[in-house]
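Down below is the structure, laid out as structure tokens.
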Amino acid sequence: MDGIAIVGLDCAFPGAPDAEAYWDLLMRGGESVGEVPSQRWVADELPDAVPESARAGISRGGFVAGADAFDNDFFALSPREAAAMDPQQRLLLQCAWRAVEDSGQAPGALAGTDTGVFIGVMGGEWGRLRMGDPSRVTPQLGAGSAAGMTANRISYHLNLTGPSLAVDTACSSSLVAVHLAANALLAGECDTALAGGVNLVLTPALGLMYSQLGLGSPDGRCKPFSADADGIGRSDGLGLVVLRRLEDAVADGQRIYAVIKGSAVNQDGRSNGVTAPNRWSQQKVLEAAYRRAGVTADRITFVEAHGTGTALGDAIECAALGGVHAVPREKTCAVGSVKGNIGHTEGAAGIAGLIKVALALHHRIVPASRHAGRENAQLRLAERGLRLLKSPMRLPSGEILAGVSSIGMGGTNAHMVLAGPPRTPRRAARPAGETEPVGVFTVTGDTPDALRRNLADQAEAFARRPRGGAASLGFSSNRVKTGLPYRFAVAARDTTELAERLRQAAAHGIDASTPAHRSWTRPVVAFVYTGQGGAYPAMTAGLYRDSAAYRHFLGEADAALTRHTGRSTRELILRGDDADYDPSDAQAALFAVGYALTRTLGELGVQPAAVLGHSLGEYAAAVAAGALDLPQAAELVAARARLMRNLPAGGGMLAVGAGPEALAGLLAAEPTLALAAVNSPADTVISGPLDALDRAAARLAGHALRTRRLDVTRAFHSPLMTPVATGLRALADGLRPAAPRLPMASTRYGRLLHDEPLDAAYWAGQTTEPVLFGAALTALSTEVAPTHLVEIGPRPTLLPLARRAGLAPGTEHLHPVPGPEADGRALAELVATLYRAGLDPVWEGLYPAEYRTVERLRPYVFSGENRYWIRREDRATAPAPVERPAGQAAPTRAPQPAAVTETADPVLAAVIGAVVTVGLYQPDRIVPATRFYEDLGFDSVMIMQLKDVVQEALPHLGEVSIRQLLPALRTVGSLADLLRDLALARVS
């Protein structure tokens, strides 16, 4: 399987802030050229030397909205460094994050991998604007103005360790960057690559040069291949694609927009001039690309040409295309250029064309060519086997091939051949009446506001969709939207429900004080296993229908039990009536349910930190703890049920709303009754013959004590169970249990097990002795400190009891099967709750295999609150004074607010003031707990600057070495502590 798959993309072009808007602009044939924003330059203030003929053209163009907005806090960049960075670097950082998300994975998943970054960038207008005054040069400005840093920033902030380079071949830069990335993938230098380009029009200089060369458009608009074509109109733009080898992308189930079949790059060599195009070189690069792709020109359905709209450039490019495509074929090759819609994005021109072609192949329709209505007859398109599209062209079924050209002003030409994505089988429609599975949709943000912003954006996107299933959307979000500290998750069955629940969450007002949305640690989960009395007909049938994992593990338990019972426990569990439902059968059924639920949760990544079993529940708990294996436990449970079935009828149990002390007199008066369970200080169960229980109930009612007869037919945990205990002891005599791998709270002993084996003696004694649930749960809570209690059984019985009694305070109670009506939703809600609390589930286990597909989601919405741009009054030289490089004078100290200068701790005040000065942070953001690296993004340069400012603010300290500072650079408070200690040591 040959080729390079485009598995993700993101972009921003004039009038199109993202790929969805870009495609909409192309399909409606829109144009996004307008007046230059005053933030860039003011046309009326151009020097007098600029001729009038050039003024109109350089006063218009295509400009990306919000080019000054940057969510620097997201990338842990200080305001000072953000202000110094070329906005091309800033925009690419956000674009890279969104493109990786679009590839179906969380960007954090690529950290530490050999992923490569290849960026096409042309010119360095920011550097010329900011670095003009040597006295104002700083390390931040130097790094922020370097073209190579456009790629290196992405690699650094996403922690990508593969090749990282910037490419400047003028207008073909970004397509050349994609060509290099594809070759790096084929050579094995990296397994994933981000490739593309960026261009921001910051000054009128290049537009003036175009005008002097006779290439500038008088109205700032490109009109490729049109009779009205009169030159270039400059534009902003940026775009990135995520590339993988095709076989890897298919193996990982990634969505594929298009496949790069081959590409070529060459140079004009010596032509009529270094900026003059060369027809024969352009023709050769086409032939080379087709040869490497293994295709012939007659198979190319359409070509996205360079198409700048200059008379000479269009003529030479069409001649080169015609030299290759004027061959016998059923339909002439369609040709177009996106520059007619958005202008010439220069260093980003190739990626603009590539993304257009990838989207066209993905949607199987090619947008019409703007300005096709007045085709330039001198180009002789028809005789050259070419045609402009006056309306969108639907692509037929089967393989479709397309080309993309990009031509550099200095003569570097690139051409790339793309094919549509490989066919993937469609998911079969669910049978009528069968419900869609439930999915868990996850959203994360770096701050509470960011989480709320992205919840609202996703809700709006789903509200616009037709109603459909939510499972595959949930799976996609689990892969993509799970990498940031503030978390939200919700279970939903369809998009309508999902949109409403996301909207409600966004409106709720999530903030940092809501612990469910940021967890600094993983949840500590304890499993408590239901005992006798929890069974009912068709228990867990809904979960069995919805969860493949539960079906599998219930089948495992059934097979283990059937060897000893001779009948299917699974069929007994799922049967909807209670005919032939012997109470002793409930024991095997409850064990099977407990085992299957435990294993199902384990498949989802929900592992217990400790376990506790109530009565019969101890068998499944012992398996979960690793003390018994499934065959051992199944044999014991089956034997226990068989022995109890042979007991004579006539026993029962009575729950009493009182502690054991209150029942001492009663038990002395009724010696056939026994204390069966102490569930809490005010919840006790007694067991014995029915007539004795009747007398006890009457006596307790006279003392105004609440009683309730349990739905059982045996006097469990009483001397009447002695025959069962004897039989179990004999059967289990050769049992060799293992030591529990997990803390296990024994309800026989009312504490955590130490070295006691779960041998024959244990299980025999456990049958006749009382269940000390309250004491066991208290011990578990004290020694393990769980954050969540999950009851494992067919319905909640232990959790309500624990809640009423105030046992395990501070824990959240969860149940995967909260009652007879429960289905897969309850399990999904449980996983969602634990995810919000900090668990990283194994999401695949939640979804049927056919729903584990990646669908496109709305990309991350960054904050636009912070704005960074050069001030107009500073444009002639450089911006206002900022920091000094290490070794020079320290940054000018910023005025400190009263809250800092008036603090009772002058050392802490000095540290806060120094941090504010070095990073230009808002003072109210800096508190003692603020972390230098994680929260403020400090690096080695900023540490040097911080040292200088601190020494200036605290001269009595003298010289402080970097070696002394480094261990204390955990938080602002820890640094203040160090400096305070140094000051005291030097005084003494």
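Residue 1457 is where the sequence shown starts when you use our numbering, and the numbers rise one by one after that. Glycine is no exception: its CB is placed at the ideal position from the N, C-alpha and C atoms. Just so you know, these numbers come straight off a predicted model, no measurement behind them.
Pair within 8 Å by beta-carbon distance, residue i and residue j
i, j, result
"L2449", "A2241", "Here the chain comprises residues numbered 1457 to 2444, so residue 2449 is not present and cannot be evaluated."
"G1765", "S1667", "no"
"G2058", "G2073", "no"
"E1557", "P2193", "no"
"T2289", "T2267", "no"
"R2026", "D2279", "no"
"R2031", "A2081", "no"
"V1894", "Q1914", "no"
"L2198", "A2111", "no"
"V1783", "G1841", "yes"
"I1575", "A1512", "no"
"G1518", "G1799", "yes"
"Q2407", "V2397", "no"
"G1600", "Q1545", "yes"
"A1838", "S1630", "no"
"G1796", "C1627", "no"
"D1902", "F1530", "yes"
"A1963", "F2009", "no"
"A2393", "A1532", "Note that residue 2393 is Gly in the sequence shown, not Ala. Contact flag set, yes."
"I1514", "G1670", "no"
"L2434", "A2424", "yes"
"A2439", "V2367", "no"
"G1990", "D2167", "no"
"R1516", "G1693", "no"
"T2309", "S1682", "no"
"D1524", "V1577", "no"
"P2145", "A2120", "no"
"D1770", "P1881", "no"
"V1698", "L1482", "no"
"T1788", "F1469", "no"
Cβ separation of residue i and residue j, assumed to be a contact under 8 Å, to the nearest whole Å
i, j, result
"V2446", "P2297", "In the structure as shown, the chain starts at 1457 and stops at 2444, and residue 2446 therefore has no counterpart that could be examined."
"V1981", "V2062", "6 Å"
"R1748", "A1714", "17 Å between Cβ atoms; not a contact."
"F1758", "V1791", "7 Å"
"A2231", "V2079", "Contact flag wrong, Cβ pair sits at about 23 Å."
"G1867", "N1655", "That belief does not hold up - the Cβ atoms of G1867 and N1655 are roughly 19 Å apart, past 8 Å."
"N1608", "S1620", "5 Å"
"M1872", "V1860", "5 Å"
"T1951", "R1909", "About 20 Å; that fails the 8 Å criterion."
"G1564", "G1939", "4 Å"
"A1444", "L2017", "One cannot answer for residue 1444 here, as it falls past the ends of the chain, which runs 1457 to 2444."
Span of the alpha helix (DSSP H), counted from its first residue to its last, around residue i
i, result
"L2041", "This sequence places Asp at residue 2041; Leu is not what is there. Looking at the DSSP string, the run of the alpha helix (DSSP H) that includes D2041 is D2041 to E2059."
"Y2218", "A2216 to T2224"
"E1581", "E1581 to R1586"
"Y1746", "R1735 to A1749"
"K1717", "Element bounds for K1717: not the alpha helix (DSSP H) but the beta strand (DSSP E), A1714 to Q1723."
"N2135", "From DSSP, N2135 is part of no alpha helix (DSSP H) but of the beta strand (DSSP E) over A2130 to S2136."
"G1925", "That residue, G1925, is in no alpha helix (DSSP H); it is neither H nor E in DSSP."
"S1861", "First-last for S1861: L1857 to I1863, but that is the beta strand (DSSP E), not the alpha helix (DSSP H)."
Residue interval of the beta strand (DSSP E) (run including residue i)
i, result
"L1699", "G1693 to R1701"
"L1842", "L1842 to L1844"
"C1467", "I1460 to A1468"
"M1872", "T1868 to A1875"
"I2248", "H2244 to I2248"
"L1575", "A small fix is needed here, since residue 1575 is Ile in this sequence, not Leu. Note, I1575: beta strand (DSSP E), G1572 to V1577."
"I1688", "First-last for I1688: undefined, no H or E at that position."
Start-end ranges of the alpha helix (DSSP H) lying completely within the stretch 1788-1839, minimum 4 residues: With a minimum length of 4 residues, the continuous alpha helix (DSSP H) runs that stay inside the stretch 1788-1839 are 1795-1798 and 1805-1819.
Completely contained alpha helix (DSSP H) runs for the stretch 2059-2120, where each covers 4 or more residues: Within the stretch 2059-2120, the complete alpha helix (DSSP H) segments of 4 residues or longer fall at 2073-2081 and 2086-2101, listed in chain order.
Sequence ranges, beta strand (DSSP E) only - wholly within the stretch 1609-1685, length at least 3: As far as the stretch 1609-1685 is concerned, its whole beta strand (DSSP E) runs of at least 3 residues are 1620-1623 and 1648-1655.
Completely contained beta strand (DSSP E) runs for the stretch 2143-2196, where each covers 3 or more residues: Within the stretch 2143-2196, the complete beta strand (DSSP E) runs of at least 3 residues are 2163-2165.
Segment contact, 8 Å Cβ cut-off, at least three pairs: the stretch 1575-1595 with the stretch 1699-1718: Fewer than three beta-carbon pairs drawn from the stretch 1575-1595 and the stretch 1699-1718 are found closer than 8 Å, and the two stretches are therefore not classed as touching.
At least 3 beta-carbon pairs within less than 8 Å: the stretch 2147-2162 vs the stretch 2250-2261: In the pairwise beta carbon analysis, the stretch 2147-2162 is classified as not touching the stretch 2250-2261: fewer than three pairs are separated by under 8 Å.
Continuous alpha helix (DSSP H) assignments of at least 4 residues falling wholly in the stretch 1763-1792: List check, alpha helix (DSSP H) in window: 1767-1781.
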